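A short write-up of the structure that comes next.
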């Protein structure tokens, strides 16, 4: 398993297939994609999981964390979460947050993220804002 930076367009197929298969392909192409950092997990040169990170000052939002169905349950998304949290720390990010599907809330809680109870709906899916405050030591 290898994690590396990828292009925004490299994320779209997995986003569509895993998260929004019932929507048109364009639905997963974010207007701000060109402003983000995108990471992919590769197993034997096959892209199997993706995430997109958007930094604004000392905050980072990650979006569209997704793993191909046939690779789920193997700890790949957990590895990717640990990777982006370290990425955030190395960029002096103080807070990391995401819009999590409410049925995936417990996954994010394993990483110390807390539910802000800001719930909303998008395209028939219920989401809640999850966040974690990182303590970065400036030397």
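Residue numbers (the working numbering): 667 to 805. Just so it is clear, CB atoms sit at the ideal spot from N, CA and C, and this is done for glycine as well. Note that the structure is predicted; figures quoted are calculated from it, not measured.
TODO: Measure the alpha-carbon distance for residue 757 versus residue 677 and round it to whole angstroms.
DONE: Between the alpha carbons of residue 757 and residue 677 lies a distance of about 22 Å.
TODO: Mark residue 723 as exposed unless 16 or more other C-beta atoms lie within 10 angstroms of its C-beta, in which case mark it buried.
DONE: exposed
Task: Cutoff 7 Å: residue 792 Cβ touching any chain C Cβ - done: You won't find chain C in this structure, because it holds only one protein chain.
Open item on the list: At the level of alpha carbons, what is the spacing between residue 796 and residue 751?
Closed with: 14 Å
Open item on the list: I'd like to check one pair, residue 719 with residue 728: are the Cβ atoms closer than 7 Å?
Closed with: It is a contact, given that the beta carbons lie within the stated cut-off.
Open item on the list: Counting C-beta neighbours from all protein chains within 10 Å, is the total for residue 629 16 or more, i.e. buried, or is it exposed?
Closed with: Absent from the model: residue 629. The displayed extent of the chain is 667 to 805, so no value can be given.
Open item on the list: Does residue 700 come out as helix, strand or coil in the three-state DSSP assignment?
Closed with: If DSSP states are grouped into helix, strand and coil, residue 700 belongs with the helices.
- [ ] Measure the CB-CB distance between residue 794 and residue 768 and report whether it falls below 7 Å.
- [x] yes
TODO: Using the Cα positions of residue 760 and residue 800, report the straight-line distance between them to the nearest angstrom.
DONE: 5 Å
Open item on the list: Determine whether the beta carbon atoms of residue 762 and residue 721 lie at a separation below 7 Å.
Closed with: Going by C-beta atoms, residue 762 is not nearer than 7 Å to residue 721.
Task: Cβ-Cβ separation, residue 684 to residue 735 (assumed contact under 8 Å), whole Å - done: 7 Å
Task: Nearest residue (CA-CA) to residue 672, options 706, 681, 747 and 778 - done: 706
Task: Burial state of residue 691 (16 or more Cβ within 10 Å) - done: exposed
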